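What follows is a set of notes on a single structure, which appears directly below.
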Ligand code: OOB
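Numbering (the working numbering), first residue to last: 1 to 542.
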């Protein structure tokens, strides 16, 4: 099949007949994010859009700030289609930066605060980013020193923009101009880059268009029954697809509600915010839900405004799911989604059993979800197999990854999620496992190959396998099983080594085991299944 590209080189478009169907059904509405914010500001004017600490911005104020920053970015020379890596903690400026970039047609890449030199360096290089947006520091970490290191490895980078004290770089607050003309943009073009959890050596970049992403945002808001009275508390890192769009902060703005930003997800920070702002909805990963459930026992009074919580990103046990309604006093919605597109929700009026034992059904009637065997043949209804999908907001290819795309997508455009799941007759999905070589550490994804490749650069390491082991709190934690070169090596050294290579903290192995050899399969690949069994049974293959 001929490769169909969007205007941005290295991206894959939907075939024309699919694009036409998505437009005809009214799912793609031919609007950009810049235009959408304008519409929301006209509709909701003085209503509160964002609460961040003591700051409260109305929709009108947010829109005006976006206009001024966008004009300033134009003056700085930022052009349509240029890539900008945005790495900010949960803060109101994140909206201004992203929407200003949308308005000038530049493309924000949604980096997470935890990313370090290895990840950010790669994002800047692979996307040929011209600018990098950071906060001055968060806790004890100074992002300006990271930016100085990034500048060395990313020759395309022209600007580092800083929220707060700029140091040697440019203060975001100084980028300001009188708004004039903004370019006319094509909503079928790329709006933003999301990041793949990944299972390969380097994380893949996911190009999402205005058309497709806005559709998923609006439809999510509808499914979660958001309206102008909704108050969404953002506790997860706001650049992640889940709190950003499912329905997240953008879904809340699309519905005319209020977004409250939490600097941290712990009950001590989040519960008082819920009480103060009358929060009605939030979204979180399973380990956090456990933490909240435990904390809620004597603090239920703070949670009275909460109507629903979304839990997703990793599997949420049915027993814990059953505790949500009685102990938090609100409705649970399970979410099974992915940055590549497809998102499933249990619906608010579903029976409790369905809500607690499935991960919901797709957003869209045009989402195609199939369960197939190893040869891509459809399995009978109810059987466990590989979940593959295509639809109006699921990408057809990763950015600048032609070779990987051959494996990650079927020839007719279905994305291979790497998840093992079953479907029921009503189209509800139950996720029961994973075929991809990835560890889901409480919603944070660790690609085994990425860590293994780093570790193989250590002189004392001859061979290594990173596997996930069951963990009561996180669901899974990581274990690096190492065959050494005869030189002693321990966990402290392994962690230190990976840190020195600039890897995000959540990717550092929780446990390290030194073994004489790794079990192999018939074809000579490392037998990770057997390794996991041996480790879980306490039988370390010495
Ligand atoms: C969300 O997105 P990603 O891109 O960080 O991770 C996607 C992967 C899925 O392929 C699946 O392996 C896992 O995360 N996952 C779940 C799950 N939700 C996601 N596994 C079991 N149960 C669930 N409920 O994680 C994400 C994106 C949008 C909304 C929600 C989550």
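Even for Gly, the Cβ is constructed at its ideal location relative to N, Cα and C.
For clarity, every value in this text was computed on a predicted model and none was experimentally measured.
Residue 417 has its Cβ nearer than 6 angstroms to a heavy atom of the ligand OOB.
Residue 57 is bridged by DSSP to 50. If you look at residue 271, you'll find it in the alpha helix (DSSP H) that goes 267-277. A distance criterion of 6 angstroms places the beta-carbon of residue 217 beyond contact range of the ligand OOB, judged by its closest non-hydrogen atom.
With a minimum length of 3 residues, the unbroken runs of beta strand (DSSP E) contained wholly in the stretch 80-104 fall at 83-87.
Spatial neighbours of residue 368 in its own chain (CB-CB distance under 8 angstroms, excluding positions within 5 residues in sequence) are listed in chain order as 389, 390, 391, 414.
If only uninterrupted beta strand (DSSP E) runs of at least 3 residues are considered, those enclosed by the stretch 401-427 are 415-423. Per the DSSP secondary-structure output, residue 440 pairs in a beta bridge with 445. Distance from the C-beta of residue 315 to the nearest heavy atom of the ligand OOB is below 6 angstroms. Cβ contact annotation for residue 96 (same chain, cutoff 6 angstroms, sequence separation greater than five): 65, 66, 69, in chain order.
Setting aside the 5 residues that flank it on each side, residue 201 is surrounded in the same chain by 447, 449, 450, 453, each with a C-beta closer than 8 angstroms to its C-beta; the list follows chain order.
For residue 506, the distance from the CB to the nearest heavy atom of the ligand OOB is not below 6 angstroms.
Leaving aside the five residues that flank residue 118 on each side, the residues in its chain whose CB is nearer than 7 angstroms to its CB run, in chain order, 501, 502, 503. In this structure, DSSP gives residue 115 a state outside helix and strand, which the three-state scheme calls coil.
Comparing C-alpha distances from residue 130 to each of 365, 137, 160 shows the shortest one belongs to 160. Rounded to whole angstroms, the gap between the alpha carbons of residue 101 and residue 140 is 29 angstroms. Under the DSSP assignment, residue 17 falls in the alpha helix (DSSP H) whose first and last residues are 16-24. Just so you know, the alpha carbons of residue 432 and residue 422 end up roughly 8 angstroms apart. Setting aside the 5 residues that flank it on each side, residue 215 is surrounded in the same chain by 27, 28, 392, 393, each with a C-beta closer than 7 angstroms to its C-beta; the list follows chain order. Under the three-state reduction of DSSP, residue 476 is assigned to strand. The beta-bridge partner set that DSSP reports for residue 284 consists of 311. For residue 35, the enclosing alpha helix (DSSP H) covers residues 33-44. If the five residues before and after residue 250 are omitted, its C-beta is found closer than 7 angstroms to the C-beta atoms of 217, 244, all from its own chain and listed in chain order. The straight-line gap separating the alpha-carbon atoms of residue 316 and residue 184 is approximately 44 angstroms.
Counting C-beta pairs with one atom in each stretch, the stretch 71-78 and the stretch 39-54 have fewer than three that are closer than 8 angstroms, which means they do not touch.
Taking all protein chains shown into account, residue 71 has 16 or more neighbouring C-beta atoms within 10 Å of its C-beta and is therefore buried. Judged by beta-carbon spacing, residue 465 lies beyond the 7 angstroms limit of residue 509, meaning their Cβ atoms are not closer than that value. Residue 287 has its alpha-carbon roughly 8 angstroms from the corresponding atom of residue 475. At a cut-off of 4 residues, the continuous stretches assigned as alpha helix (DSSP H) that sit fully inside the stretch 126-214 are 143-153.
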